[in-house]
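Numbering (my numbering), first residue to last: 8 to 44. Virtual Cβ for every residue (Gly too), placed ideally from N, Cα, C. What follows is a single structure, written as C-alpha cells, with notes after it.
If you want it as C-alpha cells, here you go:
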C-alpha cells in the first residue's frame, strides 16, 4: 500500500543505461508494522 510511503528526495542518478530520476522513499516502523503481513 503506497499510502504509508513518503517521498524524501529526488535527484538524477548515473546508471549503466543512462541518467534517470531517482526517488528516495521512507516508511516509519509503525507504518511497516501496521501493514499486517
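Practice task
Starting from the C-beta of residue 16, find all residues in its chain whose C-beta is less than 6 angstroms away, skip the five residues before and the five after it, and write them out in chain order.
Solution key: For this step, residue 16 is matched to residue 9 along the chain shown. Same-chain partners within the cutoff: 31.
Handout entry: Start-to-end residues for the beta strand (DSSP E) that takes in residue 16
Key = For the purposes of this step, residue 16 is identified with residue 9 of the chain shown, where counting begins at 1. It spans 13-22 - the beta strand (DSSP E) in which residue 16 sits, taken as one unbroken run.
Handout entry: Through-space distance from residue 14 to residue 26, alpha-carbon basis
Key = In the chain shown, counting from the first residue as 1, residue 26 sits at position 19. In the chain shown, counting from the first residue as 1, residue 14 sits at position 7. Rounded to the nearest angstrom, the two C-alpha atoms are 20 angstroms apart.
Handout entry: chain B contact for residue 20 (CB, 8 angstroms cutoff)
Key = You won't find chain B in this structure, because it holds only one protein chain.
Practice task
Output the boundary residues of the beta strand (DSSP E) element that contains residue 26.
Solution key: For this step, residue 26 is matched to residue 19 along the chain shown. It spans 25-33 - the beta strand (DSSP E) in which residue 26 sits, taken as one unbroken run.
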